[in-house]
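In the working numbering, the protein residues as written are 29 to 226. Report on one structure; see the data block that follows.
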């Protein structure tokens with residue numbers, strides 16, 4: 029009899045967005061909105077916290093579409109409290125080994141037409157949260173069939189140490205239906221790094 033497989037990832041969730049800004053767009057934006065408001069606006073757009081009307085109006089002011097070239101969210105592998113729980117048919121199944129599938133995201137990949145003075149702004153914020161994944165027709169569980177899919181983001185975030193963000197879990201190569209824990213998370217500790225084309 030097939031059973032439901034449920035996997036929960038929990039720990040520190042990060043939302044990360046990178047937005048490429050040509051030098052002239054930056055000048056126009058700062059002139060129109062002021063340094064502080066422009067910086068806040070760009071961060072909101074990168075993290076998906078700006079509404080469509082705000083984005084449309086700001087894009088009209090600077091004469092250039094403002095949208096992130098990279099945006100993701102997931103659970104940090106390196107943060108304290110990272111954990112994974114697996115249940116098959118409602119019963120806890122201890123998992124000691126899982127597979128991994130990752131890619132390294134580099135700043136230069138997100139600014140291929142960069143000219144001196146252009147900037148790639150990378151913004152992130154965090155919260156404690158969980159991600160739930162589910163598969164409905166699983167006959168039996170083999171640990172190696174479970175794969176954590178993550179991006180390595182240390183270079184993008186300007187960090188010297190590893191920073192890997194798990195964004196998905198697959199079982200036998202199939203993505204599970206997933207949802208977050210309850211209401212949209214309240215993000216805090218917003219930070220950023222700017223990669224400048226020289």
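C-beta: ideal position from N, C-alpha, C; glycine also.
Can the beta-carbon of residue i be found closer than 8 Å to that of residue j?
i: residue 178; j: residue 45; result: no
i: residue 49; j: residue 61; result: no
i: residue 124; j: residue 171; result: yes
i: residue 194; j: residue 174; result: no
i: residue 183; j: residue 132; result: yes
i: residue 43; j: residue 75; result: yes
i: residue 93; j: residue 47; result: no
Within the same chain, show all residues whose beta-carbon is closer than 6 Å to that of residue i, passing over the 5 residues directly before and after it, in chain order.
i: residue 130; result: 178, 180
i: residue 223; result: 135, 148
i: residue 218; result: 153
i: residue 115; result: 34
i: residue 163; result: 33, 199, 204
i: residue 78; result: 72
i: residue 56; result: 90
i: residue 146; result: 50, 51, 225
What's the gap between the Cα of residue i and the Cα of residue j?
i: residue 67; j: residue 118; result: 47 Å
i: residue 157; j: residue 39; result: 6 Å
i: residue 90; j: residue 33; result: 49 Å
i: residue 216; j: residue 51; result: 29 Å
i: residue 82; j: residue 88; result: 10 Å
i: residue 101; j: residue 202; result: 19 Å
i: residue 204; j: residue 160; result: 9 Å
i: residue 80; j: residue 185; result: 26 Å
i: residue 220; j: residue 110; result: 23 Å
i: residue 225; j: residue 53; result: 14 Å
i: residue 72; j: residue 58; result: 15 Å
i: residue 199; j: residue 214; result: 30 Å
i: residue 139; j: residue 128; result: 27 Å
i: residue 84; j: residue 107; result: 36 Å
i: residue 165; j: residue 113; result: 18 Å
i: residue 206; j: residue 41; result: 15 Å
i: residue 31; j: residue 191; result: 34 Å
i: residue 189; j: residue 141; result: 28 Å
i: residue 187; j: residue 86; result: 30 Å
i: residue 103; j: residue 155; result: 10 Å
i: residue 64; j: residue 99; result: 22 Å
i: residue 105; j: residue 37; result: 10 Å
Sorted by chain position, which residues of the same chain lie with C-beta nearer than 8 Å to residue i's C-beta, five sequence neighbours on each side aside?
i: residue 144; result: 51, 225, 226
Excluding the 5 residues flanking residue i on each side, which residues of the same chain have their C-beta closer than 7 Å to its C-beta?
i: residue 121; result: 114, 115, 169
i: residue 167; result: 30
Every unbroken beta strand (DSSP E) inside the stretch 68-95 [3 residues or more]
Counting only runs of 3 or more, we get nothing.
Jot down the residue ranges of each uninterrupted beta strand (DSSP E) in the stretch 103-162, minimum 3 residues, whole runs only, in chain order.
Look at the stretch 103-162 and you find these whole runs of beta strand (DSSP E), each 3 residues long or longer: 111-116, 127-132.
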